[in-house]
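Comments concern the structure below.
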Amino acid sequence: MRRIAVVTGANQGIGFALVEGLAARMNPEDLILLTSRNSARVAEAADRVKGVAQVEGRVLDVSDAAAVAELAADLQAQYGGVDIVISNAVAPLSPDRSQAEQADQFIAVANGGTQSVLRSFGPVLRPGGRLIVVASSLGTLDQLDPKLHPLFDGPSFEQIEQTVEEWRLAIHAGTAADEGWPEWVNTPSKVGQVAAVRAVAARRREADLPQNTLIASVCPGLVDTRASRPWFDDFSQARTPEQAAVPILDLVLADRVDPATYGELVRDGAVLPWRGNQSSEEKALA
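1047 is the number of the first residue of the sequence shown in the working numbering; add one for each residue after it.
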């Protein structure tokens, strides 16, 4: 059966490397949609892909929930669903501007985009499919103040969405620090992404695993990209986007799903503990 894949944030960096890797490893009849929000960059990137599978550029702004839902519905109508979805879109953060000034766009893309992809593409994922969110090891619970843990550890998908929105509002109200939120918005954002994946997976696990379907988040490690360049001085140990894409593609294209990875944050094939390096007291209370 012809497989249909969608990659968001795919005109450059890891997203482009994921598309090119899929194109090399999938079959000639398969179709990969390379999506991003800039039409010119989408067209240019799609033309650059070399591989076996078919690649089509498609304009998609993941911060537009209606647009994400429309694409999912179109693919359901045209192909009967999708087989691979990789949510990779992210808005870059600049150290030259305040975190609060950049929060709205960053959260809209990283968290709003993740939430929209999970909500709209989860229902059209065919049996045996893969729905993957590119996140970070910053997405483990221990990266946050312990008093914030209950907001992400166990609530429903809808409750996590509400928590992310309340955090965004607290940033603008000037109350975020008093509530325990770190100044750097990337950390709560990543925890919110991973928590959203976990919440959706908790609902679907019983039905998905017998069908060899995987929902998970992944950490690509430190990668030399446009988004990471302003924040690090030493990239000697960083991966290229092509290198970072390999373990993600191995997870996506594996014949069988390892149940231990279902709903989890995975880096290089290994699960990163959700609660991270907790104290003995925290573990006892968990």
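A virtual CB, placed ideally from N, CA and C, is assigned to each residue, including glycine.
By the 10 Å Cβ neighbour count, where 16 or more other Cβ atoms means buried, how is Ser-1162 classified, buried or exposed? buried
Going by the DSSP bridge assignment, what does Ile-1130 pair with across the sheet? Ala-1051, Arg-1176
Quick check: what's the CA-CA separation for Arg-1302 versus Asn-1258? 6 Å
Where Leu-1260 sits in the DSSP three-state scheme: strand
Ala-1330 versus Glu-1211 - alpha carbon distance: Interpretation of Ala-1330 is limited by its pLDDT of 30, a score under 50 that renders its predicted location unreliable; no figure is taken from the coordinates.
Nearest to Gly-1267 (by Cα), restricted to the options Arg-1049, Ala-1273, Ser-1235, Asp-1314: Asp-1314
Should Asp-1142 be labelled buried (16 or more other beta-carbon atoms within 10 Å of its own) or exposed? Asp-1142 should be labelled exposed.
Glu-1066 to Thr-1221, Cα distance in whole Å? 43 Å
Quick one: using the 10 Å Cβ neighbour count with 16 as the cut-off for buried, is Ser-1325 buried or exposed? The pLDDT assigned to Ser-1325 is 42, lower than 50, so where the model puts this residue is not dependable; a value taken from the coordinates is nonetheless given after this. Exposed is the call here.
Quick check on this structure: which residue in Asn-1073, Phe-1281, Ala-1241, Ile-1153 has the alpha carbon closest to the alpha carbon of Ala-1099? Asn-1073
For Gly-1061 and Val-1052, the rounded distance between their alpha carbons: 10 Å
So, is Thr-1214 buried or exposed, given that buried needs 16 or more other C-beta atoms within 10 angstroms? It is worth fixing the name first, because residue 1214 is Arg in this sequence and not Thr. Classification for Arg-1214: buried.
Going by the CB atoms, is the gap between Gln-1239 and Thr-1307 shorter than 8 Å? Result no, Cβ atoms of Thr-1307 and Gln-1239 do not sit closer than 8 Å.
Below 8 Å on the Cβ atoms is my contact criterion, and I expect Val-1231 with Ser-1263 to pass it. Report the Cβ-Cβ distance as a whole number of Å. So it is not a contact: roughly 18 Å between Cβ atoms.
C-alpha gap between Ser-1183 and Leu-1190, whole angstroms: So the two alpha carbons sit approximately 12 Å from each other.
Quick one: what does DSSP say Ser-1082 is sitting in, helix, strand or coil? Residue state, collapsed to three classes: strand.
Alpha carbon to alpha carbon, how far is Ile-1050 from Val-1101? Give it in angstroms, no decimals. Taking the straight line from one Cα to the other gives about 10 Å.
Let me know the secondary structure DSSP gives Gln-1148 once reduced to three states. helix
Express the C-alpha separation of Ile-1078 and Gly-1103 in angstroms, rounding to a whole number. 8 Å
Residue range of the beta strand (DSSP E) that Gly-1309 falls in? First-last for Gly-1309: undefined, no H or E at that position.
How close, in whole Å, do the beta carbons of Ala-1056 and Leu-1080 come, if the pair is a contact with beta carbons under 8 Å? 4 Å
When the Cα atoms are used, what is the spatial distance from Asn-1084 to Gly-1059? The C-alpha of Asn-1084 lies about 15 Å from the C-alpha of Gly-1059.
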